[in-house]
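> Under the working numbering, the first residue of the sequence shown carries the number 1, and numbering increases by one thereafter.
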Amino acid sequence: MPVFLGFDSSTQGLTAIAIEVDEGVRRVVWQHVLPYDQTFPQYGTRHGVLPSDDPSIAHSSPAMWAEALDRMMEIAAKNASFDLADVVAVSGSAQQHGSVYLNATATKTLATLDPSRPLSAQIDGIWARPTSPIWMDTSTSEECAAITRAVGGAGVLARLTGSRAFERFTGPQIRKFAREEPDAYTRTDRIHLVSSFLASLLVGDHAPLEPGDASGMNLMSLADRRWAPVAVEATAEHLASKLPGIVPSWTVVGRLSPYWTGRYGLPPANVIAWTGDNPSSLIGTGLVREGSVAVSLGTSDTIFGAMDVPRVDPSGTGHVFGAPTGRYMGLTCFANGSLARERVRDQFGLDWTGFAHALRESPAGNGGALMLPWFEPEITPRVQEQGARTRNLDSMDARANVRAVVEGQMMAMRRHSWWMGVPIETIHATGGAAVTREILQIMADVFDAEVRVFDVVNSTALGAALRAWHADALDAGTPVSWDEVVDAFVKPAAGRTVLPVRAHAAIYAALLPRQAEFEANQLNERR
Ligand code: XUL
């Protein structure tokens with residue numbers, strides 16, 4: 001039976017999902033997760049990030065991401081509840097914005113990988129830079145300012161690329177690398193995103209980018225989905241020749257190379273362009289039309305929704321990315337997601353059950369106590385100097401602190417997504433924390449909206465598998481509509497929809513302006 005494989009290389013681990021699609025059959029047949037810290041301790045990552053003394057620096061290891069992909073295929077070949085020989089197409093997604101710098105030997109190495117030896121032993125020599133800056137890096141404020149000046153201002157850059165300059169975006173990161181390590185930059189033959197790097201390993205050649213992930217770079221023109229010369233020139237010298245091409249999201253970028261067919265018995269299946277984790281999750285949460293939004297509670301918390309036309313954020317908070325459907329998506333990203341929740345959980349010696357209990361036992365609105373959970377430098381709003389800020393919150397009260405972190409996150413998310421202009425009546429919740437009903441209740445109450453969760457919780461890897469099916473069908477001349485694709489797999493989990501409690505919604509409506517005022521106050525104090 002035809003099988004489509006989807007991968008998601010996220011901050012903290014690699015997930016794979018296999019779906020079977022045939023006459024009358026649409027089902028998930030396999031899912032597996034490899035957490036990086038535990039599976040590959042030799043790389044020394046913590047929550048998937050290499051340790052750094054400077055809190056503004058966040059890098060990870062591209063060699064680790066490659067080794068994880070290899071390991072996942074090995075596990076699939078040995079354990080999976082499907083036959084690898086049935087794989088028809090493969091796609092994937094990855095944490096956005098992170099960049100991988102390859103030297104000129106990479107092209108030959110990728111094309112000649114030997115199936116009798118593990119991948120990691122063969123790619124040792126391909127790096128022009130051994131580490132990759134990732135989306136948590138906030139060290140490029142200077143570069144953001146320089147790029148903004150060179151293109152004619154933040155509004156110009158936002159209208160051109162979908163976002164003003166952001167520290168984690170790939171363009172500012174490339175500019176910093178070129179300035180700090182000019183020789184290594186000169187030795188760089190190709191700069192990939194994490195997504196296109198992993199696709200390149202699969203096809204044995206440099207894979208192109210697609211607009212969903214390329215719009216997270218401050219380098220692509222959103223209107224024509226090509227590199228924007230003014231932005232490329234403002235970023236670094238000779239950059240145009242180092243960037244891969246950009247193709248539509250549904251492009252077959254190659255076939256699984258002889259390394260994968262020879263080593264694991266996979267067929268030469270179609271490889272579909274990989275995208276970013278948020279664009280992939282847009283599909284995996286079924287948002288193929290404008291109307292609702294999804295909230296993803298992962299390492300980062302994000303709120304996003306499909307957009308028919310690019311309504312760029314005039315306040316400069318959010319982003320417009322390309323959507324894998326060929327249209328657009330709006331997104332706001334918060335750096336203090338799961339790690340902030342874990343921080344408070346650990347501070348009071350709780351587990352997730354205790355955390356949920358604390359939410360049940362504390363009142364909506366927390367008696368007016370507020371927390372701005374900026375444990376790490378925050379993206380929305382931009383806060384460089386880390387440290388949670390509280391008002392009327394007893395630092396020893398476990399219940400109040402647990403409630404304060406979740407309410408703080410949800411209220412910030414509501415306020416900083418108004419720019420998208422999407423009336424929010426239903427929210428598709430996903431990500432690790434979406435299994436906790438008490439968190440979803442606060443989400444429903446703060447947004448005064450119905451919250452749905454789905455049978456398949458790994459919406460990002462599911463989105464990748466669905467994109468593989470959709471693109472392969474198109475390639476075979478038997479297209480399936482996006483509605484058919486998502487209706488078959490994105491099903492609300494029975495009995496788990498959460499409705500807002502009217503009285504609570506009224507409390508949050510009153511609290512939202514108070515949080516806004518507290519936030520503005522804190523931002524002014526830090527300036
Ligand atoms: C989105 C963003 C994060 C990463 C994390 O702009 O920076 O959501 O994609 O995976």
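No residue lacks a Cβ here, since even glycine has one placed at the ideal position from N, Cα and C.
(1) Could you check if W274 belongs to the surroundings of the ligand XUL, using beta carbon to heavy atom distance under 7 angstroms?
(2) Beta carbon of T285, beta carbon of S215: below 8 angstroms?
(3) Does at least one heavy atom of the ligand XUL sit under 7 angstroms from the Cβ of G162?
(4) Let me know if P211 comes out buried or exposed under the rule of 16 or more other beta-carbons within 10 Å of its beta-carbon.
(5) Pull up the DSSP beta-bridge partners for W587, would you.
(6) Let me make sure I understand the geometry here. Which of A510, T131, A468, A58 has the alpha-carbon closest to that of A364?
(7) Could you name each continuous beta strand (DSSP E) segment of 3 residues or more that falls completely within the stretch 435 to 500, going from the start of the chain to the end?
(8) Does the stretch 498 to 515 touch the stretch 292 to 302, meaning 3 or more C-beta pairs lie closer than 8 angstroms?
(9) With three or more C-beta pairs closer than 8 angstroms as the rule, is the stretch 323 to 330 touching the stretch 248 to 260?
(10) Any contact between the stretch 155 to 174 and the stretch 132 to 144? By contact I mean 3 or more CB pairs, one from each, below 8 angstroms.
(11) So M64 is in the beta strand (DSSP E); what residue range does that whole segment cover?
(12) Of the choices R226, L466, W65, P51, whose alpha-carbon is the least far from that of L14?
(13) Shortest alpha-carbon distance to I57 belongs to which of P377, L372, P381?
(14) Can you tell me whether A429 is helix, strand or coil according to DSSP?
(15) Which residue marks the beginning of the beta strand (DSSP E) containing F4, and which one marks its end?
(16) Report yes if the C-beta of H319 is less than 7 angstroms from at least one heavy atom of the ligand XUL; otherwise report no.
(17) Round the Cβ separation of F355 and V402 to the nearest angstrom and send it over; I've been treating them as touching at under 8 angstroms.
(18) For S315, collect the residues of the same chain with a Cβ closer than 8 angstroms to its Cβ; drop the 5 residues on either side in sequence, then sort them by chain order.
(19) Less than 8 angstroms between the C-beta atoms of F283 and C333, yes or no?
(20) Would you report the Cα separation of D54 and E385, rounded to the nearest angstrom?
(21) Inspect the beta-carbon positions of D397 and N270 and report whether they are closer than 8 angstroms.
(22) In angstroms, rounded to a whole number, what distance separates the CA positions of E342 and E517?
(23) Which residue from L69, R187, A77 puts its Cα closest to that of F197?
Short version:
(1) No, the beta carbon of W274 sits no closer than 7 angstroms to any heavy atom of the ligand XUL.
(2) no
(3) no
(4) buried
(5) Past the edges of the chain, shown from 1 to 527, lies residue 587, and the structure says nothing about it.
(6) A510
(7) 450 to 452
(8) no
(9) yes
(10) yes
(11) If you look at M64, you'll find it isn't in any beta strand (DSSP E); it sits in the alpha helix (DSSP H) that goes 62 to 79.
(12) Selected option, being the one with the closest Cα: W65.
(13) Nearest option by C-alpha distance: P377.
(14) strand
(15) 3 to 9
(16) yes
(17) 6 angstroms
(18) W419
(19) One point to set straight first is that residue 283 is Ile, not Phe, in the sequence displayed. Not in contact: I283 and C333 (Cβ atoms no closer than 8 angstroms).
(20) 12 angstroms
(21) The beta carbons of D397 and N270 sit no closer together than 8 angstroms.
(22) Roughly 26 angstroms between the two C-alpha positions.
(23) L69
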